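There are 2 protein chains.
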Amino acid sequence: MKTMSATAQASPNIAFIKYWGNRHSALRLPVNGSISMNLANLHTRTTVTFGGVEQDSLHINGLPVSGKGLQRVSAILGLVRQRAGISLAAEVVSENNFPTGAGIASSASGFAALALAASQAAGLNLEQAALSRLARLGSGSASRSIPSGFVEWQMGSGDEDSVAVSIAPPEHWALADCVAVVAAAEKDTGSSEGHDLAPSSPLQAARVADAPRRLEICRRAILERDFTALAEIIEQDSDLMHAVMMTSRPALFYWQPATLSVMAAVRRSRREGQPLAYTIDAGANVHVICPQSHAAQAQQMLSQIPGVQAVLVSPVGGGALILP
Amino acid sequence: MKTMSATAQASPNIAFIKYWGNRHSALRLPVNGSISMNLANLHTRTTVTFGGVEQDSLHINGLPVSGKGLQRVSAILGLVRQRAGISLAAEVVSENNFPTGAGIASSASGFAALALAASQAAGLNLEQAALSRLARLGSGSASRSIPSGFVEWQMGSGDEDSVAVSIAPPEHWALADCVAVVAAAEKDTGSSEGHDLAPSSPLQAARVADAPRRLEICRRAILERDFTALAEIIEQDSDLMHAVMMTSRPALFYWQPATLSVMAAVRRSRREGQPLAYTIDAGANVHVICPQSHAAQAQQMLSQIPGVQAVLVSPVGGGALILP
């Protein structure tokens, strides 16, 4: 039987201006634009093979996935089949090079790699905007793992134009993300459910209304390589998202005691003149952003904080790509 | 030389719906109403003696206070002198029965006791509303330490009617405050300066706009002795205030790692059916509210959390009173 196969690789990204809350949940149309940088040292590699199987199947890191996880992948495969005019089931095999359970979400890199591998395997030659849109339908932040380097996901007017574009390539600014890995005491609420709770916070509307200001400051800080401005705005944006999370009903608390310790250490270091800034996603880990030249020093400082289990360091990464 | 003297006692209060931000800074007119309960086991005792001294003087816990601390007290003494038609300087001697440095603010109990002792010493016979207003001019939350039990400070239309009134006497509901004392790593920003930063947070307007809803829920929960409703609203209100603090510029972070540990333990206990709720003022301590019947158990649970240095337990207290 004829099979059609392709392998793609994509990196997770760390958001500087966060995505939290949808104006259309199923289409993952966000209530505000967001900005991120890709993480070079981390990646997901995904092979999609259409044909040769009866039903869509999914393996992540060698383990079979069924239920909701498979359904989310099948929905993307279905869009690709529809567009390519094929009806073959697909086998999807995905591997992350970062440790499972370290609190680094694989949905962004996973759906970006899936969108690219599936469309390539199906013989589609999608442009970057179409790929970003397809990845977005799987996981909002995956839209930002398609373009290279520093990326802005524009909220757009609808499904067609809510896509991510590159603001600057990786070599524009040699930043690094030092991920201070902090164990979560309880299983986190996943982002997908979390986004639906955002409107229940009395603070979400104010956070969203203020987003254009933060996007503008962050975009300019990246273009001008202004670390001081970047540090200030990404910390405020992260704190705003967690403020909304904590005041949602039910409340979402992602910070652990060690999370606070790292935040305080980063603020203290910056007051002492070190170029460090923190940002925290929907988890307990703290992403400490700094110039690459300071990464080794930052890694050492962070490793000594009680409750920090590991520090993963990554420079700015490129976009999703097809592997030979 | 003739002297006129009086001694008064007042308790600190713990706010269920917080005061954060002024619409008029010098007059301490708040941007929203607030609700609190007085703490019976803690108090400040203050003796004011007009006459026999050349200049106003202040001692707190045996130590002389000058500079800004004395100026704030002299301003209240000046209002009393003006109203009583006297011009004598005063000696003020104040003692707290709670440990200095435990992060329990003495400004509420201190200015409530001062307002009562000074007006009594000067021969004024002020009604409760006038006393509450006078205390408010020294420290906003002091207005709530004048009336008894569960107290609401109404934002009012101006200086005259921004005063606190009792919602229910102490015996209405046998609650306790178990104060988990957590050491602060750095000196906190005082409330007076903090209030001025509130408008710099993008979240303050939303917090204030939502305040009537929270006040209504809290007032009703107290009147109906509904612990579940009280727990939910006081935690959200506390988290809303800290959300504003953390997103102010400069940012104010009062939580320490142990603060988060206590918050998480309280939420976990409540999920397991224990009637506990937390609320946190402008400091690292966690005030754990529970029925008095659960206070011993709560004290024991809290004492075992790493980073908790002591747990002070207090039932609901009465208002400010003159001591013989």
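Protein chains in written order, with the numbering used here: chain A, 53 to 376; chain B, 53 to 376.
Built from N, CA and C at the ideal position, the CB exists for glycine as well.
A quick note: this is a predicted structure, and the numbers were derived from the prediction, not measured.
Assigned secondary structure, residue i (DSSP; H/G/I helix, E/B strand, else coil)
i: residue 75 of chain B; result: strand
i: residue 61 of chain B; result: strand
i: residue 229 of chain A; result: strand
i: residue 95 of chain A; result: coil
i: residue 365 of chain B; result: strand
i: residue 219 of chain A; result: strand
i: residue 202 of chain B; result: strand
i: residue 156 of chain A; result: coil
i: residue 191 of chain B; result: coil
i: residue 309 of chain B; result: helix
i: residue 110 of chain A; result: strand
i: residue 56 of chain B; result: strand
i: residue 280 of chain B; result: helix
Cβ neighbour criterion (16 or more within 10 Å) applied to residue i
i: residue 188 of chain B; result: buried
i: residue 110 of chain A; result: buried
i: residue 354 of chain B; result: buried
i: residue 76 of chain A; result: exposed
i: residue 106 of chain B; result: exposed
i: residue 123 of chain A; result: exposed
i: residue 191 of chain A; result: buried
i: residue 108 of chain B; result: buried
i: residue 70 of chain A; result: buried
i: residue 73 of chain B; result: buried
i: residue 275 of chain B; result: exposed
i: residue 378 of chain A; result: With chain A covering only 53 through 376, there is no way to say anything about residue 378 of chain A.
i: residue 272 of chain B; result: exposed
i: residue 352 of chain B; result: exposed
i: residue 184 of chain A; result: buried
i: residue 139 of chain A; result: exposed
i: residue 115 of chain B; result: exposed
i: residue 345 of chain A; result: exposed
i: residue 157 of chain A; result: buried
i: residue 369 of chain A; result: buried
i: residue 118 of chain A; result: exposed
i: residue 356 of chain B; result: exposed
i: residue 325 of chain B; result: exposed
i: residue 80 of chain A; result: buried
Own chain partners of residue i with C-beta closer than 7 Å, once the 5 adjacent residues on each side are dropped
i: residue 65 of chain B; result: 88, 89, 90, 91, 160, 193, 196, 197 and 203
i: residue 311 of chain B; result: 234, 332, 336 and 338
i: residue 60 of chain A; result: 98, 165, 168, 169, 172, 372, 373, 374 and 375
i: residue 251 of chain A; result: 73
i: residue 350 of chain A; result: 230, 328, 340 and 342
Rounded separation between residue i and residue j - CA only
i: residue 176 of chain B; j: residue 62 of chain B; result: 18 Å
i: residue 222 of chain B; j: residue 151 of chain A; result: 55 Å
i: residue 317 of chain B; j: residue 361 of chain A; result: 22 Å
i: residue 307 of chain A; j: residue 101 of chain A; result: 40 Å
i: residue 121 of chain B; j: residue 297 of chain B; result: 24 Å
i: residue 85 of chain A; j: residue 266 of chain A; result: 10 Å
i: residue 208 of chain A; j: residue 104 of chain A; result: 39 Å
i: residue 130 of chain A; j: residue 212 of chain A; result: 18 Å
i: residue 374 of chain B; j: residue 305 of chain A; result: 45 Å
i: residue 377 of chain A; j: residue 182 of chain B; result: Because chain A in this structure spans residues 53 to 376, residue 377 of chain A falls outside the shown range and cannot be described.
i: residue 364 of chain A; j: residue 348 of chain B; result: 44 Å
i: residue 319 of chain A; j: residue 136 of chain B; result: 51 Å
i: residue 367 of chain B; j: residue 231 of chain B; result: 11 Å
i: residue 288 of chain A; j: residue 359 of chain A; result: 24 Å
i: residue 126 of chain A; j: residue 132 of chain A; result: 10 Å
i: residue 249 of chain A; j: residue 95 of chain B; result: 42 Å
i: residue 315 of chain A; j: residue 178 of chain B; result: 49 Å
Residue j beta carbon less than 8 Å from that of residue i
i: residue 253 of chain A; j: residue 300 of chain A; result: yes
i: residue 155 of chain B; j: residue 371 of chain B; result: no
i: residue 216 of chain A; j: residue 199 of chain A; result: yes
i: residue 220 of chain B; j: residue 56 of chain B; result: no
i: residue 329 of chain B; j: residue 282 of chain B; result: yes
i: residue 153 of chain A; j: residue 98 of chain A; result: no
i: residue 206 of chain B; j: residue 218 of chain B; result: no
i: residue 113 of chain B; j: residue 148 of chain B; result: yes
i: residue 229 of chain A; j: residue 341 of chain A; result: yes
Cβ shell of residue i (< 6 Å), same chain only, five flanking positions each side left out
i: residue 279 of chain B; result: 327
i: residue 303 of chain A; result: none
i: residue 186 of chain B; result: 167
i: residue 270 of chain A; result: 68, 69, 87 and 285
i: residue 290 of chain A; result: 331 and 332
Own chain, CB closer than 8 Å to residue i, minus 5 neighbours either side, in chain order
i: residue 277 of chain A; result: 224 and 225
Distance cut-off 7 Å: residue i Cβ against heavy atoms of the ligand FAD
i: residue 271 of chain B; result: No copy of the ligand FAD appears in this structure; indeed no ligand is present at all.
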